[in-house]
Amino acid sequence: MKFTVQSTALFLLFFICLSGCSDNPEQSKKPAGYLVQGRILEVKQDEILIANVIPRDTALDYTTKEILGSSDVQPIYVKVSDDQTYKKGQLVKAWLKKDKSIQYSVPAKGEAVEVNILKQP
């Protein structure tokens, strides 16, 4: 009886350790780096200005200077290398390159590995 309980406990411990250490395939698909999510305020040739906590109407109706004057907004210029068509007001999620340092200026600057458009304006 004691041997059965011990072997069952050992098996359960082994199973828990094995399942806890396994690779999650959903996490491994995401690019390594920093994640930025927000609305596009400005579109240049190979850069987009993304700001968090901006409602769609604000992103479309106000100028960039008016929005950036708010202390709640954390803007970042993201350099993009893909050929997607970005528009002001789109909600996007961008993964920034981890090996490239982010320039902490106002607004900050970084380079994107991948940008996904979550919502259209």
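So for the sequence shown, the numbering used here puts the first residue at 23; every next one is plus one.
Built from N, CA and C at the ideal position, the CB exists for glycine as well.
These numbers come from a predicted model, not from an experiment.
{"Check": "Confirm, please, whether the CB-CB distance from residue 108 to residue 71 is below 8 Å.", "Outcome": "no"}
{"Check": "List, from N- to C-terminal side, the alpha helix (DSSP H) runs of 4 residues or more that fit wholly inside the region 100 to 139.", "Outcome": "none"}
{"Check": "Expressed to the nearest angstrom, what Euclidean distance is found between the alpha-carbon atoms of residue 38 and residue 31?", "Outcome": "11 Å"}
{"Check": "Residue 65 lies in the beta strand (DSSP E); which residues open and close that run?", "Outcome": "55 to 65"}
{"Check": "Among residues of its own chain, excluding the 5 on either side of residue 135, which ones have a beta-carbon nearer than 6 Å to its beta-carbon?", "Outcome": "53, 55, 117, 119"}
{"Check": "Would you say residue 78 touches the ligand NAD, meaning its beta carbon is less than 7 Å from a heavy atom?", "Outcome": "Ligands displayed in this structure: none; no statement on the ligand NAD is therefore possible."}
{"Check": "Looking at C-alpha atoms only, which residue of 65, 113, 27 is the closest neighbour of residue 58?", "Outcome": "113"}
{"Check": "What residue from 101, 26, 79, 115 has the CA that sits closest to residue 139's CA?", "Outcome": "115"}
{"Check": "With the cut-off set at 8 Å, would you say residue 82 and residue 60 are in Cβ contact?", "Outcome": "no"}
{"Check": "What does the Cβ neighbour count give for residue 143, buried or exposed, with the cut at 16 atoms within 10 Å?", "Outcome": "exposed"}
{"Check": "Measuring only the C-alpha atoms, how far is residue 125 from residue 96?", "Outcome": "13 Å"}
{"Check": "With which residues is residue 70 paired in a DSSP beta bridge?", "Outcome": "65, 100"}
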